[in-house]
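In the working numbering, the protein residues as written are 218 to 273.
Here a beta-carbon is modelled for each residue, glycine too, at the ideal position from N, C-alpha and C.
Working notes for the structure below.
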Amino acid sequence: MGAPRRRVTKTRGRDRRTNWKSKPTQLIACPKCGTLVLPHRRCQKCGNYKDKEVLI
Ligand SMILES: [Zn+2]
Numbered sequence: 218m219g220a221p222r223r224r225v226t227k228t229r230g231r232d233r234r235t236n237w238k239s240k241p242t243q244l245i246a247c248p249k250c251g252t253l254v255l256p257h258r259r260c261q262k263c264g265n266y267k268d269k270e271v272l273i
């Protein structure tokens with residue numbers, strides 16, 4: 218069995234992962250009721266999305 222010739226060192230691995238950090242969840246205000254909702258999602262409170270009421 219051959220041993221791995223090249224291995225990524227602790228620092229190199231960590232260095233690569235420095236910009237892995239995920240951003241905090243984006244919230245947008247509903248144009249109808251002003252509640253903070255996830256973008257590209259229908260508003261949970263008034264069911265509004267893109268000026269239309271979306272029925273479930
Ligand atoms: Zn709303």
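For residue 229, the enclosing alpha helix (DSSP H) starts and ends at 227 to 233. Around the beta-carbon of residue 247, 16 or more other beta-carbon atoms lie within 10 Å, marking it buried.
Of the heavy atoms belonging to ligand 1, none sits nearer than 6 Å to the Cβ of residue 236.
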